[in-house]
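Reviewing the structure listed below.
There are 2 protein chains.
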Amino acid sequence: MSDAPPAAPAADDLDAFRRHGHELIDWVADYLGGAERYPVLPSVAPGDVRRALPASAPEQGETYAAILDDFERVLVPALTHWNHPGFFGYFAITASAPGVLAELLSAALNQQAMLWRTSPAATELEEVALGWLRQLLGLPEAFEGVIYDTASISTLHALAAAREAIAPEVREHGMQALGGRALRVYGSEQAHSSVEKAVILLGLGQASLVKVPCDHEFRMRPELLRAAIETDRRAGAIPMAVVATVGTTSTTSVDPVAAIAEICDEQRLWLHVDAAYAGVTAMLPSCRSRFAGWEAASSIVVNPHKWLFTPFDLSAFYCRRMDVVRQAFSLVPPYLRASDGARNLMDTGVQLGRRFRALKLWMVLRHFGASGIRAHLEEHMRLARLFAGWVDAHPDMERLAPVPFSVVCFRAVPTQGPAAAGAPGSRWPDDAALDQLNERLLEAVNASGEVFLSSTRLHGRLVLRLAVGHLRTTEAHVTRAWQRVGEALAALTDEPAP
Amino acid sequence: MSDAPPAAPAADDLDAFRRHGHELIDWVADYLGGAERYPVLPSVAPGDVRRALPASAPEQGETYAAILDDFERVLVPALTHWNHPGFFGYFAITASAPGVLAELLSAALNQQAMLWRTSPAATELEEVALGWLRQLLGLPEAFEGVIYDTASISTLHALAAAREAIAPEVREHGMQALGGRALRVYGSEQAHSSVEKAVILLGLGQASLVKVPCDHEFRMRPELLRAAIETDRRAGAIPMAVVATVGTTSTTSVDPVAAIAEICDEQRLWLHVDAAYAGVTAMLPSCRSRFAGWEAASSIVVNPHKWLFTPFDLSAFYCRRMDVVRQAFSLVPPYLRASDGARNLMDTGVQLGRRFRALKLWMVLRHFGASGIRAHLEEHMRLARLFAGWVDAHPDMERLAPVPFSVVCFRAVPTQGPAAAGAPGSRWPDDAALDQLNERLLEAVNASGEVFLSSTRLHGRLVLRLAVGHLRTTEAHVTRAWQRVGEALAALTDEPAP
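Residue numbers (the working numbering), protein chains in the order written: chain A, -16 to 481; chain B, -16 to 481.
Pasting the structure below:
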């Protein structure tokens, strides 16, 4: 049928893969157990990595040895070690061993779960793993789940579905079908920035997001939510959705979901609950009360890649009205038609291609078991409370927010020395010098390499955040963080260490 | 400072990780080299996987042995083997060995490249790897790159930026700021469904996408594009962007980019080039002419996870006006402020969290080298042309589209037997029986387990697609595909095999 084929180019060398794969498994095992040998934050300057690498791709292929040498030489010293047990910034996350093994398999299998037929295993394991997680979270079966990459994308789909629910003509005719009437979304002033990105993307405009004021514990005030909705209706706008947060990013505050759900029910609004970080604690009896009312939500996002020991990325989106999500996005081009009648995950979102992400969630849930996960979450919360207790007991420190989960917001307010600027006894000394002191305190602590804290602003003030969440973080690490803070503060204020 | 801590829960067991990690590296090596021992498509029915697994998560943790047993027993038999060299459906993709090793590392490192400081290595390697790829593609330095997960998300960002460029007031005030005037996007009738999902999401409405008719080779007709734009302007709509495709999904047809770019320049429209599949062939001198004019685009998407041997997901987005993308999306909440002045990738899109995807692209480019990649691409195109030649030479087969890259669209049109329904010599016999015959032909070929073809519709007719793109696909596999097609056709039409 054809002449003898010309010499085909060589495929990738699997003996070399095997050899270096074994080497890398050992490297990863050492890394996961020994990330403490690195400073949490690298000491590189912008441009260092770029300048250390060639400006162009090689013309000829290179050996794994050469590639992995550069990995160790150039990249490892420029990593921020999210796996370091002293990583207390943002939200601490974990690439747990079963999650890493699952990602190895998932990469090799290279499943594309767009249609059931393009990966029955990935399609159905997604249903199974999300069903398991749903039960652990105590959510009713009416919540159908789907996995997206990030909470940003989950929340985007929630608000797209809310738009579809209230104004289905927008799918075909666009926002101009509303005749100039504006849609409105409500979140607290502590809601995540992804809500703003979503309303911008959806064409609602950033101004469509009404930031409802919070109480002194950073929780949305439901009476002000109701008032805002009513004002908007009177002005001719169309209230569309409310985003309530269980575990806000700055302080992990908990919006009063039950009261908000009641308003959404009465006003017929889509309620999206952003529980990206704290949602996993719904599996703890000690935390259940914070989730009261969330079962009335239209949609909920919980991120296993945050506090469920699952390597990034895996965001679980649960929705009571997944038919509306499908209605908003389902589009089947001729090259993707299938006749098996199965549920196709590509109908549930904007992304056509879908990785086999369910595998890591499934392996993590099985490896640790529900009781193992609960024990880790409880321990992380105990460590945060311990730290909060030390802050509270210290005369030169103040805590800026309650600690419902595993994050402590605090700052130094020295009663003596050059930075003791506020009137004695004043809870909020109004002084830029205090901000500056805390900025320097943060830098000094992070420069230790043993600990990484991040910061936020509350009431206009710079605040330090300690977020516990890594699987290998123990009391010793939290103790060390406290020591570093104390030493750095002493050095800055010329006081003896606490 | 505290009492003796209570017994903390055990972290994940790294000895077990090491042991089973080595086992899985061997499994993956065997799999990558031996996917042919599985049928390409699994023989499972919807619900089989779900029913084979427990309905709830285990309360106690389980051993890796138990988990991996279920992986082999339940999941592997339900995989569609995208790594099988007989996978010719959709676009064939490859999880190459260096890509898999990179994903192992990336999972373990668990980098979150939202800010430079949260991963200098991932942030800068993204710049380096995309710079290498840009040079290989022959694109000027004016194109800044960013990695997204999928082409759906890349195209979404392109159109969001186009909206920002033409109507910056929409970011703050929403689509209603346009006073009822509709925005318009133009793509050929062969453009990808992600363009439609994007205009729906952005609030432009599905009707805002004008599908410009194609010529007989499925290429957008530029004179009709210009006419559509002018008609829309006269009607008071606002033309916003054109999506030109180099390598459409059904037939891999190539829109006349240079002519389209000229129109976009003259009309001041954002030109987005969707080269998700075929873009990598811009590195081949033999294909350069198909990309004439693409350097004038505002943005381009090329997916290394399609035809560059990179495990899913990795979509490269190049943009001449990345400042507009940032203008559309940049939002820095207080908990993410950084003062290092570095470029932060979170400013370039809706997704805040970002995996360390650049690592796999970098390792793939180094492992194969530019010349190795070129050789594989050339070989895949040679195999597709070989198959096309067999189709052309067969009296009972017809080819429905040119073969500019590695996809062949064909169908059976028997000249004898019960299905020979069209008038002899008619190129387009208008007969549902022919569709049915080809549907059965497709099913029979795919049932062999040795080969997987997908289908599309052209001119309303069912068409079979053979897409070459897997690293281990050789002439023997393409020959086998042709044999299976011939045998199946013979069985269906009671003719001797070709």
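Note that the Cβ used here is the ideal one computed from N, Cα and C, for glycine as well.
For residue 451(B), there are no C-beta contacts with chain A under 9 Å, since the nearest C-beta of that chain is about 12 Å from it. For residue 277(A), not one C-beta of chain B is nearer than 7 Å to its own C-beta. In the pairwise beta carbon analysis, the region 128 to 145 of chain A is classified as touching the region 290 to 306 of chain A: at least three pairs are separated by under 8 Å. Collapsing the DSSP output to three states places residue 254(B) in a strand.
Around the Cβ of residue 43(B), a 10 Å sphere holds fewer than 16 other Cβ atoms; the residue is exposed. When secondary structure is reduced to three states using DSSP, residue 82(A) falls in the helix class.
Residue 386(B): not part of any alpha helix (DSSP H); DSSP gives it neither H nor E.
Excluding five sequence positions before and after residue 250(A), the CB atoms of its chain that fall closer than 7 Å to its own CB belong to 212 and 222, given in chain order.
A buried status is given to residue 106(B), since no fewer than 16 other beta-carbon atoms sit within 10 Å of its beta-carbon. Identification of chain A residues near residue -6(B) by a Cβ-Cβ cut-off of 7 Å yields 454 and 455, ordered along the chain. With a cut-off of 8 Å on Cβ pairs, the region 113 to 127 of chain A is in contact with the region 272 to 291 of chain A, counting three or more such pairs.
Sixteen is the threshold: since fewer than 16 other Cβ atoms of the shown chains lie within 10 Å of the Cβ of residue 162(A), the residue is exposed.
Around residue 86(A), the beta-carbon contacts reaching into chain B at under 9 Å are 86, 87, 89, 90 and 91. In the DSSP annotation of this structure, the continuous segment of the alpha helix (DSSP H) that includes residue 177(B) starts and ends at 176 to 184. C-alpha of residue 262(A) to C-alpha of residue 158(A): approximately 33 Å in a straight line.
For residue 128(B), the three-state secondary structure derived from DSSP is strand. Taken in chain order, the members of the region 157 to 184 of chain B whose beta-carbon sits within less than 9 Å of a beta-carbon on chain A are 157, 158, 159, 160, 161, 162, 163, 164, 165, 166, 175, 176, 177, 179, 180, 181, 182, 183 and 184. Buried is the label assigned to residue 4(A), since at least 16 other Cβ atoms lie within 10 Å of its Cβ. Residue 247(A) places its beta carbon 7 Å or farther from that of residue 226(A).
When Cβ-Cβ separations below 7 Å define contact, residue 43(A) makes contact with chain B. The continuous stretches of beta strand (DSSP E) do not include residue 473(B), which lies in the alpha helix (DSSP H) extending over residues 458 to 476. By alpha-carbon distance to residue 218(A), the top candidate from 377(A), 376(A), 165(A) and 346(A) is 165(A).
Residue pairing of residue 270(A) in beta bridges, as defined by DSSP: absent, with no partner found. Annotated three-state conformation of residue 221(A) is strand, per DSSP. Rounded to the nearest whole angstrom, the CA to CA distance from residue 193(B) to residue 179(B) is 10 Å. The DSSP-derived three-state label of residue 75(A) is coil. A distance of 7 Å or more separates the beta carbons of residue 190(A) and residue 311(A). Within the same chain, and ignoring the five residues on either side of residue 65(B) in sequence, the residues whose Cβ sits closer than 7 Å to its Cβ are 76.
With respect to chain A, the C-beta atom of residue 290(B) has no partner C-beta closer than 7 Å. Below 8 Å, too few C-beta pairs join the region 195 to 210 of chain A and the region 350 to 364 of chain A to call them touching: fewer than three. Residues of chain B whose Cβ lies closer than 9 Å to the Cβ of residue 327(A) do not exist, since the nearest Cβ in that chain is about 10 Å away. Of the candidates 229(A), 323(A) and 320(A), the residue whose Cα lies closest to the Cα of residue 278(A) is 229(A).
Counting C-beta atoms within 10 angstroms of its own C-beta, residue 9(A) has fewer than 16 neighbours from the protein chains shown and is therefore classed as exposed. Within chain A, no C-beta atom comes less than 9 Å from the C-beta of residue 423(B); the nearest is roughly 12 Å away. Interface annotation, residue 367(B): not in contact with chain A, CB-CB separation never under 7 Å. Using a CB distance cut-off of 7 Å, residue 295(A) counts as an interface residue toward chain B.
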